[in-house]
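Below you'll find the structure, written out as structure tokens, and then a few comments.
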């Protein structure tokens, strides 16, 4: 991959229907991932034609986003850190308030779930 741009890339202004037609977004503004990562340096927001929410380029974001910015919950931070280092022997998805040990991950937001998916895909375990 090439160098990561320091300039944020704005969200797309329209979405595409399954027939290829261009539609205006339901809500004006920035997508949740852009809003959550507005200070992270670089963000690419790609709207997939069959999805109602933008696809986030986590590979580009990973270089400029700290684990603490990905999630504010310490147990989730430790789990992401272990996944990133490919050192997590097991992973348990938990409801909010039920995570109590390393390897537990509380499902708190779609952004945190996106980061979990990113590191799970990269893991070789």
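Residue numbers (the numbering used here): 4 to 128. Heads up, the beta-carbon is just placed ideally off N, CA and C, and yes, glycines get one too.
Taking residue i as the reference, which of the options has the closest Cα?
i          : options           : result
residue 95 : 101, 86, 83, 106  : 106
residue 79 : 98, 57, 125       : 98
residue 61 : 121, 71, 113, 115 : 121
Return helix, strand or coil for residue i, following the three-state DSSP convention.
i           : result
residue 109 : strand
residue 123 : helix
residue 72  : helix
residue 101 : coil
residue 88  : coil
residue 114 : helix
residue 67  : coil
Mark residue i as exposed unless 16 or more other C-beta atoms lie within 10 angstroms of its C-beta, in which case mark it buried.
i           : result
residue 109 : buried
residue 74  : buried
residue 68  : buried
residue 66  : exposed
residue 57  : buried
On the DSSP bridge assignment, give the partners of residue i in chain order.
i          : result
residue 95 : 107
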